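So the sequences go chain by chain: Z and D.
Sequential numbering from 1 applies to the first sequence in the working numbering.
Sequential numbering from 1 applies to the second sequence in the working numbering.
Heads up: the structure comes next, in structure tokens.
2 protein chains.
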Amino acid sequence: MVSQLTKLEEESIDYFVSFVQIFGFPKSVGQIYGLMFVSGEPMVMGQLVERLEISKGSVSQGLATLKALGAIVPVEVENDRREHFQADLDVSRIVNHFFSERLEPRLQNGSRRLEGMLELAREGGDTKENEPLNRLKALKKWQTRGQRAIPFIKRFLKN
Amino acid sequence: MVSQLTKLEEESIDYFVSFVQIFGFPKSVGQIYGLMFVSGEPMVMGQLVERLEISKGSVSQGLATLKALGAIVPVEVENDRREHFQADLDVSRIVNHFFSERLEPRLQNGSRRLEGMLELAREGGDTKENEPLNRLKALKKWQTRGQRAIPFIKRFLKN
DNA sequence: TTTATTGTTCATTTTTATTTGAACAACCTC
DNA sequence: GAGGTTGTTCAAATAAAAATGAACAATAAA
Numbered sequence: 001m002v003s004q005l006t007k008l009e010e011e012s013i014d015y016f017v018s019f020v021q022i023f024g025f026p027k028s029v030g031q032i033y034g035l036m037f038v039s040g041e042p043m044v045m046g047q048l049v050e051r052l053e054i055s056k057g058s059v060s061q062g063l064a065t066l067k068a069l070g071a072i073v074p075v076e077v078e079n080d081r082r083e084h085f086q087a088d089l090d091v092s093r094i095v096n097h098f099f100s101e102r103l104e105p106r107l108q109n110g111s112r113r114l115e116g117m118l119e120l121a122r123e124g125g126d127t128k129e130n131e132p133l134n135r136l137k138a139l140k141k142w143q144t145r146g147q148r149a150i151p152f153i154k155r156f157l158k159n
Numbered sequence: 001m002v003s004q005l006t007k008l009e010e011e012s013i014d015y016f017v018s019f020v021q022i023f024g025f026p027k028s029v030g031q032i033y034g035l036m037f038v039s040g041e042p043m044v045m046g047q048l049v050e051r052l053e054i055s056k057g058s059v060s061q062g063l064a065t066l067k068a069l070g071a072i073v074p075v076e077v078e079n080d081r082r083e084h085f086q087a088d089l090d091v092s093r094i095v096n097h098f099f100s101e102r103l104e105p106r107l108q109n110g111s112r113r114l115e116g117m118l119e120l121a122r123e124g125g126d127t128k129e130n131e132p133l134n135r136l137k138a139l140k141k142w143q144t145r146g147q148r149a150i151p152f153i154k155r156f157l158k159n
């Protein structure tokens, strides 16, 4: 017998599905976290498969993702060899991970690329009339500013 | 005769393709902006179709998106009825648009949903033992903090 | 008018991302 | 070790997103 989702659980699932999708995570990740978040109880894979009615594969992948995010933590349960997980209350981990793992590396990569472009553009002469160069110099300002903003934002969301 | 993309143009296109993809825009938007950005010249649809070798449909859509973002601006050209566009230097428009049009509405929507959930959760009694309620209260803190962060970040990126 | 050019729209095709489920490995219980 | 659980992996199926290109509207030029 599989217990139906309560209205509250459904709402939470919807809430977190939209939330994680902002950051490009698949729906299943939001479903899993949404259910685990409201209840607060440690849960096992089987429960999630049954209650969310999604495949074992998706739950396995989803749990791996959430584990990597630090959004759920393993919990030991006496006399039960199954892996239990509990949703961490700190939702900001998901956002932080997005910044650290997705945004920052890309910005750093962008920084390198931009240097290469400046190099190329200077071949056209380092003058006021070299429009591509002018534009790339302006771009560099934004690039730098963006990179500076990240730690700033992280701190804001931290505590 | 269609002029080949220069090395610099190619680099710029790649750069902006990755950039816009962070914010969930399609590749074509990055290609168009990337090409327009380095050159700085006003351009027409036909040129973009030829030089980027992408379809008229994609360019039309992409230009519409970039126009809506304010990332490109219409430019009048004497004796030429075609619509010319020029890339605005202010790259932050794209980021700002992401915040204003995608993130903020979702956060506001999230806020409403969360109130509904709190309502539902309180039915279980407003006590310390009502774990879902406790968790939703914690979530509300993050929700609020996230919403506060947005104008902050926007200001940081502004000027 | 008629014909050519420019740009939009949208049904179809293509590409990419996600989910499924079967096969498998690890581990426990008896 | 046979049989039962638990969890992972990955090829195939499905769903979602983006690109294409043909049909169309609007306008200009002949």
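Idealized CB from N, CA, C, for every residue including glycine.
Computed from a predicted model, the values in this text were never measured in an experiment.
- When C-beta distances to chain Z are compared with 8 Å, the residues of the segment 28-39 of chain D below that value are F37, V38, S39, in chain order.
- Annotation: the segment 42-114 of chain D contains the following complete segments of the beta strand (DSSP E) (minimum length 3 residues), in chain order: 72-75, 84-87.
- Looking only at D:K7, D:F37, D:Q31, D:L8, the smallest Cα-Cα distance to Z:L139 is reached by D:F37.
- In this structure, Z:G110 lies near D:S18, with their beta-carbon atoms less than 8 Å apart.
- The CB of Z:R93 never comes closer than 7 Å to any CB in chain D; the least such distance is about 10 Å.
- Identification of chain D residues near Z:L139 by a Cβ-Cβ cut-off of 7 Å yields V91, ordered along the chain.
- Annotation for D:E9: the continuous alpha helix (DSSP H) segment containing it runs 7-22.
- By the neighbour-count definition (other C-beta atoms within 10 Å, threshold 16), D:R135 is a buried residue.
- For the 8 Å CB-CB criterion, D:E11 and Z:G116 form a contact.
- Just so you know, the alpha carbons of D:F98 and D:G146 end up roughly 15 Å apart.
- With fewer than 16 other Cβ atoms from the protein chains shown falling within 10 Å of its own Cβ, D:E129 counts as exposed.
- Cβ-Cβ distances below 7 Å link D:K154 to N96, F99 in the same chain, with the five nearest sequence neighbours on each side left out; the list follows chain order.
- Chain D places no beta carbon closer than 8 Å to that of Z:S111, leaving this residue out of the contacts.
- D:P74 and D:L5 have their C-alpha atoms spaced approximately 23 Å apart.
- Counting only Cβ-Cβ distances below 7 Å, Z:P26 has no contacts in chain D at all, with the closest Cβ about 14 Å away.
- Residue environment: D:F152 is assigned as exposed (fewer than 16 neighbouring CB atoms within 10 Å of its CB, all protein chains considered).
- At a cut-off of 8 Å between beta carbons, Z:K7 contacts chain D.
- For Z:I32, the closest of Z:F23, Z:L114, Z:I54, Z:I22 by C-alpha to C-alpha distance is Z:I54.
- When Cβ-Cβ separations below 8 Å define contact, D:G116 makes contact with chain Z.
- The straight-line gap separating the alpha-carbon atoms of Z:L63 and Z:P132 is approximately 47 Å.
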